[in-house]
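Novice: Mind having a look at this structure? Questions to follow.
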Amino acid sequence: MNSGLPRTLEQYRRAVRAHELSAEEYLDETRRLIERDEPQVRAFLHLRLDAAHSDAQAADPTSPLAGAPIAIKDNIMMAGERCTCGSRILEHYVAPYSATVVQSLLAAGAVVPGKTNCDEFAMGSSTENSAFFPTHNPADLIRVPGGSSGGSTAAVAAGFALGAIGSDTGGSVRQPAAFCGVVGFKPTYGRVSRYGLVAFGSSLDCIGPIARSVRDTAIMMNVMAVHDPKDATSVRRPHVDFEASLQPTLAGRRVGIIRELQGLDVQPEIAAAMEAACEAALKSGASLVDVSLPHILSALPAYYIIAPAECSANLGRFDGVRYGLHEGGRDMTETYSRTRNAGFGTEVKRRILIGAFVLSAGYYDAYYKKASSVRQLITDELDAALESADVLLTPTTPTTAFRIGAVTDPLEMYKADVFTIPANLAGVPAVSFPAGKDAAGLPIGLQLMGPRWSDAELLSSANVLFTALGGES
Amino acid sequence: MTTTIGLEIHVQLATRTKMFCGCSTAFEDEPNTHVCPVCLGLPGALPTLNAEAVRLATRIATALGCTVHEVSEFSRKNYFYPDLPKSYQITQFDRPIATGGSVPIVTERGTRSVRLTRAHIEEDAGKSMHAADITLGGETLVDFNRCGMPLIEIVTEPDMQSGDEAYEFLHNLRRLVRWLGVSSGDMEKGAMRCDVNVSVSPDPAKRGTKVEIKNLNSFRSVKRAIDYEEQRQAQCLADGTPVLTETRHFDEVQGTTTAMRSKEASNDYRYFPEPDLPLLQLDPTELESLRTHMPELPWEMQSRFERDLGLLPYDAALITEERSTAEFFQQTVALCDNPKKVASYMGTEVAKLLNERGKTLTETQLTPTTLAGLLTMVEHNAISNTASKDVLPLLMDTGTTPMEAVRSLGLEQVSDTSAIEGFAREVIAENATQVEQFRGGKEAVLGFLVGQLMKKSKCKANPKLTGEILRTLLKS
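Protein chains in written order, with our numbering: chain W, 1 to 473; chain F, 474 to 949.
Structural data, given as structure tokens:
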């Protein structure tokens, strides 16, 4: 990227407000980058650069986002734009309305360059499950960007946008953020409206910001964290200025390390990054505490029952009757069957089948009900741990980005979610921030989790560690 | 043979907007005009609960004597059908808003109580119109205006034993929902729908095989379907052919039931808690206030009228069919203290005119004041009962007062003895034969002579006075 240009949303906003840069000029630069690098990265499913150009011209430089390009994951509605969810079944679907969060971003002066690639219906950890094409990691084009919000994190990492939004059901914002070397934040469940996000696991889904610095995600949260009467799970909270809440140190903060996760097989450089983060925390005035969550390793199996169960219901509506792909059959049942068989990819089908199975009569108690109990247990344990610690520090992923095509066993893929899933089950906020690189120069991400509704404090802690480890303040 | 019947009734709650979105609940508008991303189940849309629907559901459940739960839960009921756009219905399953309760019914076996199992709130599906219903060239069209309409489903215990009892139950339930303003209860418009479970057993101590009947569009259909099914199952038992646990479809035209395809009947709905809606929490103080402010229920009022006012059961039932009628009655009685007369007059003359006009009481100009005025005039012999029937239409249609109406019709009753005596002398002079007969001991002739006098007076003569005066003059 041109060295004279702002690298972060915060720098951009300052430059625009000082009239050193206009939204239009910045978008033109962004456009040049996209035209040059997008053929290799493939972050976007649809670009709208001409429309974005007009939007940038019209952008108010004094607005909170001042015409900054913000990319949107293609499972979030933006009126008049296609919304495919990375699926054949919605290949030509045009959003008839905008998600609440998109409305908020646009009202705050965001300019949308395009809709980003993702694993089909957000099911995956590599963006390889997109029905259209895989996205490549800008840090190393032969590697995956992570997923499912891999298009959004790649776009931010490649300079195609200053920020992006993704959805996080089991780590889909944090894991690709770690792989791409950007910040990804999953807010407390209920903090950001889900209205207009195509549901995968409704009780787990969160929309979160992706940016190049923790401060930038705070700036975005100031716009996104709005109570929405259209989402019954959206919670009305006192106003918080996320950016102004960023503190310079961790003085008095207790950073918890989860005992049960210590034995897990983690790439050595990631373990080293954990050490470095602990040292940085101590140096910044924090204390380290050892916490125990006896059932945390059951989070993964519980998640892979609850999320598919919810998705099996949520994806039932794609039946070829009213919109989307339609493959006619001799009767209703055959039409459903043909449409869904042609429209859904392997991973989506697998999860729908698992979900229908675990909810079916005779299996409900053994699977769904038990998983819900385990979820409650883990939630209680996390809540308790977050009484003795203010934040919990873990790696975001066990490894850095893997090569495209390298992981073919779905269970291997699922296992990589071990660190990110507990926050979704418990509904607590969690953020992944870059913490150096591995021997191959691939980004490493670390995760902080905090108590429910401590979003601003959590971002503040993450910002301290992120900057201490070399990140942009 | 013992027949055991349980009912599942869907009552549409009379809200302005749908259960989970702001779309109108207006009925019979152009298809697919009251729809939005939420009720169409478009990707990304989310439900939000209509507080008014909850209020109405709570109200009816309280009136039915249910235990209304402070915490209840919504669930998803999953199945594929073109009129179900989300592929699941939001309903309540494990934790309904209400359990228990009962409805009293008067039957041949005496007054009985039909117990309720539960009541839960849910959304309606869209309406499929198949080629059989309309000329569509074999296609099925779907109207989503109905999709998302708020319903309460009430499930009874198997406490009824005949079609008549089921009819009586439904009638009483409809009376209650209308009484409380919870629903129009109109079965023809689908505001009340009913599925029936019937089983017939030769042994009163054992229950037979449960058969479900669907497609019942009127109270009469419910009764006919049960009557038919009772016979069919009894015949099966007599023939030794097994009665199958199945869902049967009622054929309105034939008056028979036929088995539905087993596919349609056996579904695993894969219920699970609806993650898009938090637990439904009701305020205990509001629940208590609802209980204490519950108006007197129609059947309570009915027995009070029989007991305290001495009304005939028929009149008491009629008066308490609609709350507005009952209120009208009570206000009238407050002005003219003759409840039996008011009730019988409302049940006969008023009802007849309303019927002719196709109107309800509140749609006419008649008020408790004018009706009470009219009945008081009759009681005080200011007009005859017969003449009052000519006055009533004016009160209903023009809203005039009874005094004015009587005057304008020239119907004031003549109670002036000298005027009646004048007519009597004429009648005696003109009917010598009959006068002779009377004087000879044939008392019955008096009626004829009274009739003659009435004719002369254009029916204005007070009939009681007329009889007395004639008798005196004839005997003198």
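We put the CB at the ideal spot given by N, CA and C, even for glycine.
Computed from a predicted model, the values in this text were never measured in an experiment.
Any C-beta of chain F within less than 8 Å: which residues of the region 210 to 231 of chain W qualify?
Specialist: The residues in question are P229, K230 and D231.
Novice: Once the 5 residues before and after N463 of chain W are set aside, which same chain residues still bring their CB inside 7 Å of it?
Specialist: Here the set comprises V214, R215 and L246.
Novice: At the 9 Å Cβ level, is N2 of chain W part of the contact set with chain F, yes or no?
Specialist: Low confidence applies to N2 of chain W: its pLDDT is 46, below 50, so where it sits in the model is not reliable, and the reading given next is rough at best. Not closer than 9 Å to any Cβ of chain F, the Cβ of N2 of chain W fails to qualify, so no.
Novice: Output yes if chain W places a C-beta closer than 9 Å to the C-beta of R743 of chain F; else output no.
Specialist: So, interface residue.
Novice: On the CB-based measure, 16 or more other CB atoms within 10 Å of its CB, does T116 of chain W come out buried or exposed?
Specialist: Counting Cβ neighbours within 10 Å, T116 of chain W comes out buried, since at least 16 surround it.
Novice: Should L653 of chain F and P768 of chain F be called a contact, given that it needs their Cβ atoms to be closer than 9 Å?
Specialist: Cβ distance < 9 Å, so L653 of chain F and P768 of chain F count as in contact.
Novice: Check whether the region 417 to 433 of chain W touches the region 180 to 191 of chain W, taking contact to mean three or more Cβ pairs, one atom from each stretch, closer than 8 Å.
Specialist: With the cut-off at 8 Å, the region 417 to 433 of chain W and the region 180 to 191 of chain W touch.
Novice: What in chain F is Cβ-close to S203 of chain W, meaning under 8 Å?
Specialist: Residues of chain F passing the Cβ test: P748.
Novice: Looking at A664 of chain F and A499 of chain F, is the spacing between their C-beta atoms short of 9 Å?
Specialist: No, the Cβ-Cβ distance between A499 of chain F and A664 of chain F is not below 9 Å.
Novice: In the DSSP assignment, the beta strand (DSSP E) including L689 of chain F goes from what residue to what residue?
Specialist: Element bounds for L689 of chain F: V684 to L689.
Novice: DSSP state of G445 of chain W, grouped into three classes?
Specialist: Here G445 of chain W sits in strand by DSSP.
Novice: Specify whether the region 436 to 447 of chain W and the region 265 to 284 of chain W touch according to this definition: at least 3 beta carbon pairs, one from each stretch, less than 8 Å apart.
Specialist: The answer is yes - the region 265 to 284 of chain W touches the region 436 to 447 of chain W, with three or more Cβ pairs under 8 Å.
Novice: By the 10 Å Cβ neighbour count, where 16 or more other Cβ atoms means buried, how is E503 of chain F classified, buried or exposed?
Specialist: Counting Cβ neighbours within 10 Å, E503 of chain F comes out exposed, since fewer than 16 surround it.
Novice: Kindly identify the DSSP beta-bridge partner or partners of Q562 of chain F.
Specialist: Q562 of chain F pairs with F:K550.
Novice: Can you tell me the Cα-Cα spacing of T572 of chain F and I563 of chain F, whole angstroms?
Specialist: Looking at the two C-alpha atoms, the distance is approximately 19 Å.
Novice: Of the residues W:C118, W:N137, W:P113 and W:H46, which one's Cα is nearest the Cα of V94 of chain W?
Specialist: Out of W:C118, W:N137, W:P113 and W:H46, W:H46 has the C-alpha closest to the C-alpha of V94 of chain W.
Novice: Nearest to A401 of chain W by alpha carbon, out of W:A177, W:Y323 and W:A384?
Specialist: Per the Cα distances, W:A177.
Novice: Got a sec? Which residues, its chain only, sit under 7 Å from F692 of chain F by beta carbon, not counting five neighbours each side?
Specialist: Excluding residues within five positions, the ones whose Cβ falls inside 7 Å are Y640, L643, H644 and M660.
Novice: DSSP puts S635 of chain F in a beta bridge; with which residues?
Specialist: Answer is none; S635 of chain F lacks a bridge partner.
Novice: Apply the 10 Å Cβ neighbour rule to Y787 of chain F and answer buried if 16 or more other Cβ atoms are within range, or exposed otherwise.
Specialist: Classification for Y787 of chain F: exposed.
Novice: Determine the DSSP secondary structure at I354 of chain W, reduced to helix, strand or coil.
Specialist: DSSP places I354 of chain W in helix when its eight states are reduced to three.
Novice: Ends of the beta strand (DSSP E) at P786 of chain F?
Specialist: P786 of chain F -> not in any beta strand (DSSP E); alpha helix (DSSP H) instead, spanning P786 to I792.
Novice: Check whether the region 842 to 855 of chain F and the region 865 to 878 of chain F touch, using three or more Cβ-Cβ pairs below 8 Å as the test.
Specialist: These segments touch.
Novice: Would you check if the distance between the CB atom of I219 of chain W and the CB atom of L411 of chain W is smaller than 9 Å?
Specialist: In this structure, L411 of chain W does not lie closer than 9 Å to I219 of chain W by Cβ.
Novice: What does the Cβ neighbour count give for A530 of chain F, buried or exposed, with the cut at 16 atoms within 10 Å?
Specialist: With 16 or more Cβ atoms within 10 Å of its Cβ, A530 of chain F is classed as buried.
Novice: In whole angstroms, what is the alpha-carbon distance linking A439 of chain W and A122 of chain W?
Specialist: When rounded, the distance between both Cα atoms is 30 Å.
Novice: Can you find a C-beta in chain F that's less than 9 Å from the C-beta of R194 of chain W?
Specialist: By this cut-off, R194 of chain W is an interface position.
Novice: Give the residues of chain F in contact with V198 of chain W, contact being defined as C-beta atoms less than 7 Å apart.
Specialist: Residues of chain F passing the Cβ test: P516 and G517.
Novice: When we look at the beta-carbon of T540 of chain F and count the other beta-carbons within 10 Å, is it buried (16 or more) or exposed?
Specialist: Per the 10 Å Cβ criterion, exposed.
Novice: If the cut is a Cβ gap below 7 Å, which residues of chain F does L359 of chain W touch?
Specialist: Going along chain F in sequence order, the residues near L359 of chain W (Cβ under 7 Å) are R743 and F745.
Novice: Short check: CB of A302 of chain W to CB of S372 of chain W, under 9 Å?
Specialist: Contact: yes.
Novice: Buried or exposed: L106 of chain W, going by 16 or more other Cβ atoms within 10 Å of its Cβ?
Specialist: Looking at its Cβ environment, which holds 16 or more other Cβ atoms inside 10 Å, L106 of chain W is buried.
Novice: Which residue or residues does DSSP assign as beta-bridge partners of H603 of chain F?
Specialist: Note: H603 of chain F sits in no beta bridge, so no partner.
Novice: Look up L293 of chain W in the DSSP assignment and say whether it is helix, strand or coil.
Specialist: Coil, per DSSP.
Novice: Going along the region 291 to 311 of chain W in order, which residues come within less than 7 Å of chain F, judged by CB to CB distance?
Specialist: Under the 7 Å Cβ criterion, the region 291 to 311 of chain W contributes A309 and E310.
Novice: Determine the extent of the beta strand (DSSP E) in which I165 of chain W is found, giving its start and end residues.
Specialist: Per DSSP, I165 of chain W belongs to the beta strand (DSSP E) from G163 to D168.
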